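A.B. asks:
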Ligand code: NDP
Ligand code: 8X3
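In structure tokens form, the structure reads like this:
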């Protein structure tokens, strides 16, 4: 198809799986994240079939985001799809026990980072004439759960931003899709529990969670519909999960 797809958080999980999936359909890739060595490895892996441009920046750093996009070579300035995927949860604590630093990092990454990247890339999507923004929300942005407080709030914000974008960008013909996954086995829980692998693994015990590939397939499907069709809002969970709270787990 030879589109250009800009993916944030391509060093792991959904973003990395999206890079592989879109490469299979011949799309060129701008892959971003903080871990340069992982972006370089993906470029080595996928670069034989499609063009890959790694861009290293922290989405929390507003100047770095705008500088990275402003510095895109001319050949990379026609962007068709922006996948706002970079994000994280930090901690799972009662509200009064939560860490202010964790709260700020989640809001700075999941909300402000998504806003910075969108604002920086939008002129290029508008110029393309058929742009598509795909935001990764979460079931945590549909219902709050105990000890989810600020992470849930950040994903409720992604839901609201997606709805607002869809209205404000109508006149530019830009599609806006929000995808809200349930539990998926990526590095998400290792990051959330700060490297405590036994706590992280417990999240996925007793049922089969989504994989990164399940979510990437869904993102790719939403990006492969005819120009007049837009999936606005999509919640995807594994079969053992009903919503943000209810699971059926085997003992
Ligand atoms: P991973 O931890 O596997 O991947 C997260 C990605 O985000 C990494 O590539 C990481 O790159 C990037 N990232 C995090 N912080 C920053 C930052 N400050 N600047 C730039 N990039 C950053 O998690 P997932 O793939 O599971 O998560 C992807 C998205 O999906 C997140 O928004 C998450 O909230 C959401 N989600 C996850 C679910 C799950 O259960 N896994 C379910 C629902 C939603 P690097 O560290 O190299 O910068
Ligand atoms: C990640 C899914 O349920 O851990 O957004 O919040 S959950």
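In my numbering, the protein residues as written are 47 to 297.
By construction, the Cβ of each residue, glycine as well, lies at the ideal position given by its N, Cα and C atoms.
Remember, predicted model here, so these are calculated numbers, not experimental data.
Is it right to say residue 187 is buried, meaning 16 or more other beta carbons lie within 10 angstroms of its own, or is it exposed?
C.D. replies: With 16 or more other Cβ atoms within 10 Å, it is buried.
A.B. asks: If contacts are defined as beta-carbon pairs under 8 angstroms, then residue 58 and residue 233 qualify, I think. What distance do you get, rounded to the angstrom?
C.D. replies: Indeed, because the Cβ distance is near 5 angstroms, the residues count as touching under 8 angstroms.
A.B. asks: Compute the beta-carbon to beta-carbon distance between residue 54 and residue 131, rounded to the nearest angstrom, for a pair I have assumed lies under 8 angstroms.
C.D. replies: The pair is a contact, with the Cβ atoms about 5 angstroms apart (cut-off 8 angstroms).
A.B. asks: What number of angstroms, rounded off, separates the C-alpha of residue 213 from the C-alpha of residue 166?
C.D. replies: Cα-Cα distance, rounded: 19 angstroms.
A.B. asks: Provide the residue span of the alpha helix (DSSP H) that contains residue 265, from first to last.
C.D. replies: Run containing residue 265: 258-268, per the alpha helix (DSSP H) assignment.
A.B. asks: Which runs of the alpha helix (DSSP H) fall wholly inside the segment 68-118 and span at least 4 residues, in chain order?
C.D. replies: You should have 82-92 and 108-116.
A.B. asks: Can you give the beta carbon distance from residue 129 to residue 180, rounded, assuming they're within the 8 angstroms contact cut?
C.D. replies: With 8 angstroms as the limit, residue 129 and residue 180 qualify as a contact, their Cβ atoms being about 5 angstroms apart.
A.B. asks: Anyone know if the C-beta pair for residue 170 and residue 108 falls short of 7 angstroms?
C.D. replies: Cβ distance not < 7 angstroms, so residue 170 and residue 108 don't count as in contact.
A.B. asks: When we look at the beta-carbon of residue 273 and count the other beta-carbons within 10 Å, is it buried (16 or more) or exposed?
C.D. replies: Looking at its Cβ environment, which holds fewer than 16 other Cβ atoms inside 10 Å, residue 273 is exposed.
A.B. asks: Taking 6 angstroms as the cut-off, does the CB of residue 200 come closer than this to any heavy atom belonging to ligand 2?
C.D. replies: Incorrect: residue 200 has no Cβ contact closer than 6 angstroms to ligand 2.
A.B. asks: Opposite residue 234 in the DSSP bridges: which residues?
C.D. replies: Looking at the DSSP assignment, residue 234 forms no beta bridge with any residue, so it has no partner.
A.B. asks: On the three-state DSSP scale, how would you describe residue 272?
C.D. replies: Of the three classes helix, strand and coil, the one that applies to residue 272 here is coil, per DSSP.
A.B. asks: Does ligand 1 have a heavy atom nearer than 6 angstroms to the CB of residue 173?
C.D. replies: Residue 173 Cβ: outside cutoff for every heavy atom of ligand 1.
A.B. asks: Tell me the DSSP secondary structure of residue 209 in three-state form.
C.D. replies: Of the three classes helix, strand and coil, the one that applies to residue 209 here is helix, per DSSP.
A.B. asks: Within the chosen definition, does the segment 260-270 reach the segment 62-76 through at least 3 CB pairs nearer than 8 angstroms?
C.D. replies: They touch, by the three-pair rule.
A.B. asks: Secondary structure at residue 223, three-state DSSP: helix, strand or coil?
C.D. replies: If DSSP states are grouped into helix, strand and coil, residue 223 belongs with the strands.
A.B. asks: Please confirm if the segment 220-234 is in contact with the segment 278-293, defined as three or more CB-CB distances below 8 angstroms between the two stretches.
C.D. replies: With a cut-off of 8 angstroms, the segment 278-293 and the segment 220-234 count as touching, because enough Cβ pairs lie within range.
A.B. asks: Compute the beta-carbon to beta-carbon distance between residue 85 and residue 69, rounded to the nearest angstrom, for a pair I have assumed lies under 8 angstroms.
C.D. replies: The Cβ separation is near 14 angstroms, so there is no contact.
A.B. asks: Classify residue 131 as helix, strand or coil using the three-state DSSP reduction.
C.D. replies: Of the three classes helix, strand and coil, the one that applies to residue 131 here is coil, per DSSP.
A.B. asks: Applying the 10 Å Cβ sphere with the 16-neighbour rule, what's the burial state of residue 105?
C.D. replies: So residue 105 ends up on the buried side.
A.B. asks: Examine ligand 1 and report whether any of its heavy atoms sits within less than 6 angstroms of the Cβ of residue 233.
C.D. replies: Correct: residue 233 has its Cβ closer than 6 angstroms to ligand 1.
A.B. asks: Which of the three DSSP states, helix, strand or coil, is assigned to residue 294?
C.D. replies: DSSP places residue 294 in coil when its eight states are reduced to three.
A.B. asks: Between which two residues does the beta strand (DSSP E) holding residue 279 run?
C.D. replies: Per DSSP, residue 279 belongs to the beta strand (DSSP E) from 279-282.
A.B. asks: Measuring alpha carbon to alpha carbon, tell me which of 119, 255 and 87 ends up nearest residue 296.
C.D. replies: Checked all of 119, 255 and 87; the closest Cα to residue 296 is 255.
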